[in-house]
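The numbering used here applies: residue 86 is where the sequence shown begins, and numbers increase by one. Contents: one structure, followed by commentary.
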Amino acid sequence: MADDRTGDDRRPVVPGSGWPGDPASGTTAVAFTAVEVERLAAGAGDTAELDARMSVCRACPRLVDWREDVAAQRRAAFADERYWGRPVPSFGPADARVLIVGLAPAAHGGNRTGRIFTGDRSGDWLFASLYRVGLAQLPTSVSAGDGQRLVATRVVAAVRCAPPANKPTTTERDVCRSWLVRDLELLRSTLRVVVVLGGFAWTALWPALARAGYPVPSRRPTFGHASRVVLSDERGGGLVVLGCYHPSQQNTFTGRVTAGMLDAVLANAAGVAGVGVAVDDK
């Protein structure tokens with residue numbers, strides 16, 4: 086979007102003003118405290134309402150200030166672009182069978198584009214892999230209006246606002262947990278597998294699963310790449326949780342994560358969920 090350097094162009098996108106994929110409107114309820122986050126998340130009747138409410142949250146002052154400052158200052162490479170500057174909602178269908186949980190939006194990625202894992206190097210790796218295993222319709226995700234669609238997959242973050250130095254506090258993580266809890270509750274009838282990207286998201290997931298009513302172990306399982314935990318319920322069903330190293334720039338540059346490693350975890354998830362294709366087919 087063009088930037089005339091004046092007026093609202095350096096402010097966060099106004100809900101309902103026409104940004105592609107904006108789930109909120111001018112009447113969407115806004116949470117200003119942790120108590121309000123919990124109440125508004127729990128009261129969301131479906132994922133569309135949940136996404137709308139989380140996308141206007143203002144409960145963590147440090148994160149609100151940071152995401153909006155970044156949207157005003159911008160990076161030189163994106164100086165002529167309007168930034169989203171709000172919490173980044175979940176992305177994917179309401180009947181997803183695969184859930185991918187990341188850490189938080191990138192300051193010049195999701196905080197700029199308004200879509201999780203979109204517009205940064207981590208997202209480039211993730212969406213390319215999702216495409217290769219049949220869980221995304223396009224191999225790239227560059228903007229909220231680019232036509233990307235996920236196949237039976239929903240992508241979320243443990244913390245919905247871009248944090249300074251990519252490091253949310255534990256308090257911010259815990260305040261944001263109610264959004265994740267409600268995502269898990271609303272997906273309960275279809276969800277088969279959760280892929281967790283990185284140790285921070287792994288730590289954040291387990292108490293959210295417990296609050297959402299999933300049968301979790303009394304001791305948190307150890308995180309590792311390709312780690313696998315099966316949660317069985319009394320009805321004989323189950324949820325598979327898979328660990329995966331985060332496709333961060335540091336991890337991909339150093340080879341800690343390769344395309345093959347990422348593909349293997351996501352192909353495993355697709356197989357558990359009964360969707361997607363074999364990696365060799367693409």
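All C-beta atoms, glycine included, are put in the ideal place defined by N, C-alpha and C.
Problem set entry | Test item: CB-CB of L211 and T238 under 8 angstroms | Along the sequence shown, one-based indexing puts residue 211 at 126. Along the sequence shown, one-based indexing puts residue 238 at 153. Not a contact, by the Cβ cut-off of 8 angstroms.
Exercise. Do the segment 163-172 and the segment 186-196 touch if we need at least three Cβ pairs shorter than 8 angstroms?
Worked result: yes
Exercise. Hey, is S102 close to the ligand HEM, as in C-beta under 7 angstroms from one of its heavy atoms?
Worked result: By its list of ligands, the structure shown contains no ligand whatsoever, and the ligand HEM lies outside what it can speak to.
For this session: Could you tell me which of Y330, L272 and L290 sits nearest to D131, measuring between CA atoms?
Result: As a working note, residue 131 is residue 46 in the sequence shown. D131 has its Cα closest to that of L272, out of Y330, L272 and L290.
For this session: Give a yes or no on whether the C-beta atoms belonging to D107 and G199 are separated by under 8 angstroms.
Result: Locating residue 107 in the sequence shown gives position 22, where the first residue counts as 1. Locating residue 199 in the sequence shown gives position 114, where the first residue counts as 1. Closer than 8 angstroms, so yes.
For this session: Find out if the Cβ-Cβ distance for the pair L327, V278 is shorter than 8 angstroms.
Result: For this step, residue 327 is matched to residue 242 along the sequence shown. For this step, residue 278 is matched to residue 193 along the sequence shown. Yes, they are a contact pair.
Problem set entry | Collapsed DSSP secondary structure at T256 in the structure displayed | For the purposes of this step, residue 256 is taken as residue 171 along the sequence shown, with counting starting at 1. Helix, per DSSP.
For this session: Tell me whether P332 is buried or exposed, calling it buried when 16 or more other Cβ atoms sit within 10 Å of its Cβ.
Result: Counting from one through the sequence shown, the residue named residue 332 turns up at place 247. It counts as buried.
Exercise. To the nearest angstrom, how far is it from the Cα of S214 to the Cα of A344?
Worked result: Along the sequence shown, read from residue 1 onward, the residue named residue 214 stands at position 129. Along the sequence shown, read from residue 1 onward, the residue named residue 344 stands at position 259. Cα-Cα distance, rounded: 7 angstroms.
Exercise. Does the segment 93-113 come close enough to the segment 141-156 that 3 or more CB-CB pairs lie under 8 angstroms?
Worked result: yes
For this session: Take A229 and list the residues in its own chain whose beta-carbon comes closer than 6 angstroms to its own, dropping the five residues that flank it on each side.
Result: Position 144 of the sequence shown, counted from the start, is the residue given in the question as residue 229. Hits under 6 angstroms: P105, G106, T198, G199 and R200.
Problem set entry | Which of helix, strand or coil DSSP assigns to G361 | Stepping through the sequence shown from its first residue, residue 361 is reached at position 276. In this structure, G361 counts as coil in the three-state DSSP scheme.
Problem set entry | Spatial neighbours of P292 in its chain, beta-carbon cut-off 7 angstroms, leaving aside the 5 residues before and after | Position 207 of the sequence shown holds residue 292. Once the five neighbours on either side are set aside, the close Cβ partners of P292 are R262.
Exercise. Counting along the chain, where does the alpha helix (DSSP H) carrying S214 start and finish?
Worked result: In the sequence shown, the residue the question calls residue 214 occupies position 129. Run containing S214: R206 to R217, per the alpha helix (DSSP H) assignment.
Exercise. R90 by DSSP, collapsed to three states: which one?
Worked result: Taking the sequence shown and counting its residues from 1, the one referred to as residue 90 is at position 5. Per-residue confidence for R90 stands at a pLDDT of 35, beneath the threshold of 50, marking its modelled position as unreliable; the derived number appears in the next sentence. In the structure shown, R90 sits in coil (DSSP, three-state: anything other than H, G, I, E or B).
Exercise. Which first and last residues belong to the beta strand (DSSP E) in which G328 is found?
Worked result: As a working note, residue 328 is residue 243 in the sequence shown. It spans G323 to C329 - the beta strand (DSSP E) in which G328 sits, taken as one unbroken run.
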